[in-house]
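Structure, as structure tokens:
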Amino acid sequence: MIPTIQILVILLAVIAAVAVVASRLKIPPSILLVITGVILAVIPGLPAVTLAPEVVLLLVLPPVIYSSAVAMSWREFRFNLRSISLLAVGCVIFTTVTTAAAVHWLLAFPWAVGFTLGAIISPPDAVAPLAIVRRMKLPKRLAFVLEGEGLANDATALILYRFAVVAVSAGSFSFGRAVGTFAAIVAGEILWGIGVGWVMLRLRGWVRETRIEILLSILTPFLAYWPPEMLGGSGVVATMTAGLYISWNGLRLISAATRLQGIFFWDFLIYLIEGMVFLITGLQARALIANLGGYPISELVLSAAIVSGVVIAARFIWVYPAIYLPRWLVPAIQRKDPAPPWQSPFALAFTGIRGIVSLAAALAIPFTTASGAPFPHRDLILFLTFSVILVTLVGQGLTLPLIIRALGFPKVGRRERHADRAEEFAAREQAVTAAIERLDQLMAENHLTEEVVHPLRAYHRDRLKQIASRYDGDDRHKNLVETYDALEFQLIAAERKLINDLYRAGKLKDDARRRIERELDLRDAQLSNLLAEE
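Taking my numbering, the leading residue of the sequence shown gets 72, the next gets one more, and so forth.
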């Protein structure tokens with residue numbers, strides 16, 4: 072047996088190798104990681120890697136949801152709340168019911184078991200489609216709706232899943248009690264999430280020490296998620312609420328140093344978590360195949376095709392009426408938010424890619440019911456869940472870029488980015504102008520001489536000129552900016568070389584070298600950020 076630590080290191084090496092290949096092939100790493108995991112799983116002699124559902128539901132899901140919520144714009148989330156709710160709640164319930172009906176009539180599943188499968192495979196995963204959407208420059212509103220749906224749909228699905236598993240285990244189900252419990256869970260988790268966000272922000276503002284603040288940020292999603300989950304809720308709504316609260320209020324209470332280091336830390340942590348999870352998802356193929364010896368291959372293929380087709384079709388059937396019917400029935404909605412062209416609903420419907428939450432929920436199904444009997448069709452549910460993940464992630468994920476191009480979204484995205492750049496230019500210009508005006512006020516209030524303020528005024532006026540040159544759209548100015556950027560990178564490199572030479576010659580202490588290197592790194596990062604935006 073290979074020790075767990077060695078297996079972990081091997082998995083990290085595989086993730087790194089796949090990331091390099093994915094960047095060269097311009098394929099989302101999540102898709103390639105699942106495929107790699109499946110290939111590794113069927114190779115004889117390699118150690119089996121199993122995924123404990125509690126690891127995903129208690130350790131993986133909270134930081135992923137929290138990080139997405141913090142990165143989400145609360146203003147955009149609130150503006151698109153109706154669309155997000157129709158997908159995250161309405162579409163999840165519709166998909167659950169549709170799947171349950173299909174497997175009941177076509178595969179002879181009991182209704183409660185069908186609802187269990189439906190709840191498991193109803194929530195789309197946001198990681199893989201959003202990676203494609205951002206690279207393809209899909210219109211931002213579609214991206215915000217997808218991201219918001221990805222935040223909230225897991226809560227709906229996991230609550231439905233708990234109700235369905237209880238119904239199978241106990242043999243009874245009360246619709247009225249389920250609706251009341253659902254509403255109570257959502258309301259309670261929203262209040263808990265706001266409370267956790269408020270407390271943690273005040274603690275971070277009181278501490279004002281970067282490492283402790285980052286540690287508190289790590290604890291926040293678990294503090295928000297675990298208590299509701301242990302009390303019978305999902306924990307997802309509370310974690311999402313805490314993240315959105317901190318996103319909206321954090322600018323005033325989180326220090327600049329913490330933001331700079333925290334952004335890097337969280338980006339790396341989530342990248343590592345998602346890579347590990349997608350790879351291990353593929354590695355589950357061996358265990359799933361081993362448990363299906365009693366099912367004919369033809370029955371498995373037919374069942375997988377039926378369930379995958381129903382899940383994909385249900386999203387298309389739901390999305391178009393959900394977008395257009397409210398506007399037809401309520402003219403006020405149409406006036407405030409005109410109906411989009413048909414291409415937008417099609418793109419939303421096509422991004423129903425399933426992921427790790429579905430697999431974790433399937434693995435968490437108990438082996439026996441309350442009476443001690445085996446849970447009906449448990450192994451088949453696991454296989455069907457894995458099949459839907461594979462079909463949607465690989466099939467829809469790989470074809471999504473073609474669909475986005477065919478629908479003409481890259482052109483829309485370019486126009487949108489041009490408008491955003493104009494808005495950004497105006498904001499930068501106004502900010503620097505406000506700084507110059509404040510400098511003049513301070514000069515008058517404190518009776519400062521021109522000799523004192525002149526360097527600062529000259530610096531900010533130079534910033535205004537650079538902003539105008541970078542964003543005015545003039546080709547000649549654009550060429551000048553490109554030349555300026557290239558020169559700036561070379562100047563930074565020259566400073567780095569000199570600092571390194573002085574340090575090696577013993578003419579510069581280590582602490583001083585690190586402070587200067589940090590300043591050069593910040594200049595380099597700022598310039599790289601401006602180039603990335605273009």
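Glycine included, each C-beta is placed from N, C-alpha and C at the ideal position.
Which partner residues of residue i appear in the DSSP bridge assignment?
{"i": "T329", "result": "Per DSSP, none; premise fails for T329."}
{"i": "T439", "result": "P445"}
For residue i, which residues from the same chain have a beta carbon less than 7 Å from its beta carbon, with the 5 sequence-adjacent residues on both sides left out?
{"i": "R398", "result": "I404, Q405, A410"}
{"i": "V524", "result": "L510, M514"}
{"i": "R584", "result": "I570, Y574"}
{"i": "G484", "result": "K208, L209, P210"}
{"i": "F253", "result": "I230"}
{"i": "R499", "result": "I538"}
{"i": "R528", "result": "I507, L510"}
{"i": "S288", "result": "G333"}
{"i": "L274", "result": "L287"}
If you draw a straight line from the C-alpha of residue i to the C-alpha of residue j, how long is it?
{"i": "M72", "j": "P299", "result": "Bear in mind that a pLDDT of 48 at M72, under 50, signals an unreliable position, so the number given afterwards is only what the model happens to contain. Near 38 Å, if we compare the C-alpha coordinates of P299 and M72."}
{"i": "L354", "j": "W176", "result": "32 Å"}
{"i": "G365", "j": "W337", "result": "44 Å"}
{"i": "A258", "j": "Q501", "result": "41 Å"}
{"i": "R586", "j": "I563", "result": "15 Å"}
{"i": "R589", "j": "R534", "result": "22 Å"}
{"i": "E521", "j": "S326", "result": "32 Å"}
{"i": "D595", "j": "S318", "result": "26 Å"}
{"i": "F234", "j": "A112", "result": "33 Å"}
{"i": "D572", "j": "A557", "result": "23 Å"}
{"i": "P437", "j": "G276", "result": "43 Å"}
{"i": "G426", "j": "A441", "result": "29 Å"}
{"i": "L286", "j": "G333", "result": "10 Å"}
{"i": "G625", "j": "Y530", "result": "Coverage of the chain is limited to positions 72 through 605, which leaves residue 625 absent and any answer about it impossible."}
{"i": "A142", "j": "K578", "result": "43 Å"}
{"i": "L371", "j": "R279", "result": "57 Å"}
{"i": "S240", "j": "A84", "result": "42 Å"}
{"i": "I256", "j": "A228", "result": "13 Å"}
{"i": "P134", "j": "H518", "result": "51 Å"}
{"i": "R488", "j": "N550", "result": "20 Å"}
{"i": "E22", "j": "F335", "result": "The shown model of the chain, from 72 to 605, leaves out residue 22, and the question about it has no answer."}
{"i": "Q77", "j": "A119", "result": "13 Å"}
{"i": "S243", "j": "I388", "result": "30 Å"}
{"i": "W413", "j": "F180", "result": "36 Å"}
What is the C-beta distance between residue i and residue j, in whole angstroms, given that I count them as a contact (C-beta under 8 Å)?
{"i": "A238", "j": "F165", "result": "Actually they do not touch by this definition, with Cβ atoms about 19 Å apart."}
{"i": "V428", "j": "D581", "result": "Rounded, the Cβ-Cβ distance is 47 Å, inconsistent with contact."}
{"i": "L591", "j": "E553", "result": "With 8 Å as the limit, L591 and E553 do not qualify as a contact, their Cβ atoms being about 21 Å apart."}
{"i": "A356", "j": "V184", "result": "Between V184 and A356 the Cβ distance is about 23 Å, and since that is not below 8 Å, they are no contact."}
{"i": "F480", "j": "L363", "result": "No, F480 and L363 are not in contact; Cβ-Cβ is about 40 Å, not under 8 Å."}
{"i": "T422", "j": "P200", "result": "4 Å"}
{"i": "L461", "j": "V105", "result": "7 Å"}
Taking Cβ to Cβ, would you say residue i is nearer than 8 Å to residue j?
{"i": "L103", "j": "V92", "result": "yes"}
{"i": "M311", "j": "T291", "result": "no"}
{"i": "T75", "j": "V89", "result": "no"}
{"i": "V216", "j": "N320", "result": "no"}
{"i": "V131", "j": "V348", "result": "yes"}
{"i": "A313", "j": "V267", "result": "yes"}
{"i": "T439", "j": "F446", "result": "yes"}
{"i": "N224", "j": "L129", "result": "no"}
{"i": "G304", "j": "P100", "result": "no"}
{"i": "A249", "j": "T281", "result": "no"}
{"i": "I86", "j": "L340", "result": "no"}
Quick one: residues in its chain with C-beta nearer than 6 Å to the C-beta of residue i, no 5 flanking neighbours on either side, listed in chain order?
{"i": "P416", "result": "V390, Y391, I394"}
{"i": "A173", "result": "V381"}
{"i": "A309", "result": "E260, W263, G264, A295, P299"}
{"i": "F44", "result": "Coverage of the chain is limited to positions 72 through 605, which leaves residue 44 absent and any answer about it impossible."}
{"i": "Y137", "result": "P292, T310, G314"}
{"i": "R449", "result": "I436"}
{"i": "L359", "result": "L453, F454, F457"}
Sorted by chain position, which residues of the same chain lie with C-beta nearer than 8 Å to residue i's C-beta, five sequence neighbours on each side aside?
{"i": "I475", "result": "I203, V204, M207, L209, A418, P481"}
{"i": "L469", "result": "I98, I102"}
{"i": "A44", "result": "Residue 44 falls outside the range modelled here, since the chain spans only 72 to 605, and no answer is possible."}
{"i": "A232", "result": "For clarity, residue 232 is Tyr in the given sequence; the question names Ala instead. So the list reads T187, A190, I191, A432, once near-sequence residues are dropped."}
{"i": "T504", "result": "L535"}
{"i": "I459", "result": "One point to set straight first is that residue 459 is Val, not Ile, in the sequence displayed. Excluding residues within five positions, the ones whose Cβ falls inside 8 Å are I192, A375, V378, S379, V382, R425, S429."}
{"i": "L117", "result": "L111"}
{"i": "L96", "result": "L103"}
{"i": "R161", "result": "The residue you asked about is not Arg; residue 161 is Gly in the sequence shown. Within the same chain, G161 has close Cβ partners W389, A393."}
{"i": "R302", "result": "In the sequence on display, residue 302 carries Leu and not Arg. Nothing meets the Cβ criterion."}
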